[in-house]
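J.: First residue of the sequence shown? That's 21 in my numbering, and the numbers climb one at a time after it.
Glycine is no exception: its CB is placed at the ideal position from the N, C-alpha and C atoms.
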Amino acid sequence: QVRLTPTYQMVERGDGYEFSVPAFNYPAIASRLIKRWKQDQSTLDFVLQAERKELNLQQWLTGTSQQIQTRESLLIRELDSLSPSALKALTTQLTQTNVTSWLPSTAVVVRMAQLSQDNAMYDLLWRMRADYNSQQELKRLADTGDAFSLQQLMNATINPSLKPHAIRLLTKSNPLSPEVKQFLIAKMALSEEATLVARQLAQQGHQTWLEELISSNRQVKARQIEQVLK
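(1) Can you have a look at Glu157 and say buried or exposed, based on whether 16 or more other CB atoms are within 10 angstroms of its CB?
(2) With distances taken from CA atoms, which of Val67, Met141, Gln137, Arg188 is nearest Phe168?
(3) Report the rounded CA-to-CA distance for Asp100 versus Leu135, giving the unit in angstroms.
(4) Could you tell me whether the region 147-163 touches the region 104-119, where touching means 3 or more Cβ pairs closer than 8 Å?
(5) Look up Thr164 in the DSSP assignment and say whether it is helix, strand or coil.
(6) Can you name, in chain order, every residue of its own chain whose Cβ lies under 8 Å from the Cβ of Leu182, other than the five neighbours on each side?
(7) Using DSSP with H/G/I as helix, E/B as strand and the rest coil, what is Glu74?
(8) Relative to the C-alpha of Leu107, which candidate in Glu74, Ala218, Thr90, Asn237 has its C-alpha closest?
(9) Please specify which runs of the alpha helix (DSSP H), each continuous and at least 4 residues long, are wholly inside the region 60-122, giving them in chain order.
(10) For Met208, report the span of its alpha helix (DSSP H) as first-last.
(11) Rounded to whole angstroms, how far is the Cβ of Ala214 from the Cβ of Ile245, which I believe are closer than 8 Å?
(12) Once you ignore the five residues that flank Gln239 on each side, which residues in its own chain have a CB closer than 6 Å to its CB?
(13) Report the three-state DSSP secondary structure of Asp138 (helix, strand or coil).
(14) Would DSSP call Leu182 helix, strand or coil?
(15) Rounded to the nearest angstrom, how far is the Cβ of Leu123 from that of Met141, given a contact under 8 Å?
(16) To the nearest angstrom, how far is the alpha carbon of Ser235 from that of Pro180?
(17) From Glu231 to Thr82, what distance separates their C-alpha atoms?
(18) Go ahead and pull the three-state DSSP assignment for Thr215.
(19) Please report the residue range of the alpha helix (DSSP H) in which Ala242 lies.
(20) Applying the criterion that 16 or more other CB atoms from any shown protein chain within 10 Å of the CB defines a buried residue, is Gln87 buried or exposed?
(21) Under the assumption that Glu98 contacts Val67 (Cβ atoms under 8 Å), give the Cβ distance between them as a whole number of angstroms.
(22) What's the gap between the Cα of Asn118 and the Cα of Leu144?
(23) Are the beta-carbon atoms belonging to Leu221 and Ser193 less than 8 Å from one another?
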């Protein structure tokens with residue numbers, strides 16, 4: 021076998037000696053290229069399986085913690101490159117089956133919900149244990165502020181851990197849409213919700229509207245709202 025001499029050499033000189041070394045760390049470069057090739061191959065396999073509707077999420081996201089983390093990162097990164105029908109096939113695996121023993125991470129569910137704009141995906145997210153990812157999605161929805169996003173903020177209040185944050189973000193929307201107002205009024209008709217909602221509304225400068233509700237709406241818990249306004 022013929023050994024090829026690296027094209028670029030560096031001369032190193034010392035006290036009474038001189039020798040040449042490769043200018044580049046070829047083993048490290050080769051290792052990096054192989055790793056990149058494997059990543060590209062994994063990405064291609066994922067996309068092809070998804071487009072052929074052959075990707076079983078539960079099986080694909082099963083393995084060691086390192087394997088699962090790597091594949092979830094790949095999925096999150098490449099999900100927006102899939103066709104709508106391929107994305108639908110993946111979301112259906114989570115929304116139209118009785119998923120109890122297994123779920124992907126909230127990071128995966130958030131990304132699938134964002135791209136699919138599927139109510140069922142968001143319903144699944146709000147039923148999962150709240151964490152940083154779901155909290156950040158609430159903030160993103162509030163920043164988006166369209167009708168769909170506001171509806172998801174309202175839906176998120178079914179999660180006790182997300183409820184205070186979702187209510188706070190809803191009360192910060194300005195102006196309050198008719199749908200959000202009706203939602204908040206319904207909450208203030210419940211003794212266990214009225215104080216929380218009224219306090220958030222007052223903190224966001226909606227005292228005048230609260231005063232109007234006390235005098236004009238018999239559904240709301242007027243006494244609790246009055247306590248907040250004192």
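T.: Based on what the coordinates show:
(1) buried
(2) Gln137
(3) 7 Å
(4) no
(5) helix
(6) Trp146, Ala150, Ser154, Gln155, Leu158, Ala176
(7) coil
(8) Glu74
(9) 77-80, 85-98, 104-115
(10) 198-208
(11) 6 Å
(12) Ala209
(13) coil
(14) coil
(15) The pair is not a contact, with the Cβ atoms about 12 Å apart (cut-off 8 Å).
(16) 30 Å
(17) 55 Å
(18) helix
(19) 242-249
(20) exposed
(21) 6 Å
(22) 11 Å
(23) no
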